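First comes the structure, then the notes that go with it.
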Amino acid sequence: MTDTVGTTEAAFLLNISTARLRLLLRQGRLKGAKKVKRFWIIPLNSRGMPEITPGRRGPQGTWNKGFRTGNTFIHVLRKEIDYNRDNGTSLPAISVKQGNRNYRCHEAEILGNCKIVYRPHKPNKSQAGGARLWIEVEPDTQIIRKSFLDTEPEENKPKGFG
4 MTDTVGTTEA AFLLNISTAR LRLLLRQGRL KGAKKVKRFW IIPLNSRGMP
54 EITPGRRGPQ GTWNKGFRTG NTFIHVLRKE IDYNRDNGTS LPAISVKQGN
104 RNYRCHEAEI LGNCKIVYRP HKPNKSQAGG ARLWIEVEPD TQIIRKSFLD
154 TEPEENKPKG FG
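Add 3 to a position in the sequence shown, counting from 1, and you land on the number used in my numbering.
What follows is the structure, encoded as structure tokens:
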């Protein structure tokens, strides 16, 4: 394992957004972090995690202090797809469940190993309704979630349609 990481990998390890990590960097709350030209170099502690000094006021931080142990589950929300089709909306139809948090997005890029699971007679009860088809990702695999505006930009539409 490397002794230092960049901002994207550190945010993934801590399970916080890169914007929140950059705010902590500006406040000087990441121990040993230094900027080399345009990039931040963040050291890892003996457990392989970036160390954050706690703030002086307010509630305690909600970042990870150790490695993730449970798998990440990605579900395609069929009811959201049907609702978007019937009502002309574009609500997020992908659910990414990491630990006890559930994120909704339009696109999920998996940067590592994963498997697609289909169990028609033994649904996954971790999602409401019990999903029968899902993507299972190992806990240390990074997932990039993206959400879009209500309407799709013109450059993303296929040429020659509409």
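C-beta atoms are modelled at their ideal positions from N, C-alpha and C, and glycine is treated no differently. Predicted, not measured: the structure shown is a model, and the values here were computed from it.
- Of the candidates 113, 9, 55, 54, the residue whose Cα lies closest to the Cα of residue 40 is 9.
- Beta-bridge partners of residue 7 (DSSP): 46.
- In its chain, beyond the 5 residues on either side, 7, 37 have a beta carbon closer than 6 Å to the beta carbon of residue 44.
- Residue 30 has its alpha-carbon roughly 12 Å from the corresponding atom of residue 59.
- Below 8 Å, too few C-beta pairs join the segment 44 to 55 and the segment 100 to 119 to call them touching: fewer than three.
- Under the three-state reduction of DSSP output, residue 38 falls in the strand class.
- Shown here, residue 14 sits in a helix according to DSSP, grouped into three states.
- Contact check for residue 77 against residue 114 fails: the beta carbons are separated by 8 Å or more.
- Residue 57 counts as exposed, since fewer than 16 other beta carbons sit within 10 angstroms of its beta carbon.
- Per DSSP, the continuous beta strand (DSSP E) segment holding residue 100 begins and ends at 97 to 101.
- The C-beta distance from residue 15 to residue 145 rounds to 5 Å, short enough to fall under 8 Å.
- Under a 10 Å Cβ-count criterion, residue 150 is classified as exposed, with fewer than 16 other Cβ atoms of the shown protein chains found around its own Cβ.
- Nearest neighbour of residue 105 by Cα position, chosen from 74, 55, 143, 34, turns out to be 74.
- Distance from residue 139 to residue 120 at the Cβ level is roughly 6 Å; contact confirmed, criterion being Cβ atoms closer than 8 Å.
- For residue 27, the CB contacts under 7 Å within the same chain, skipping 5 residues up- and downstream, are 33, 55 in chain order.
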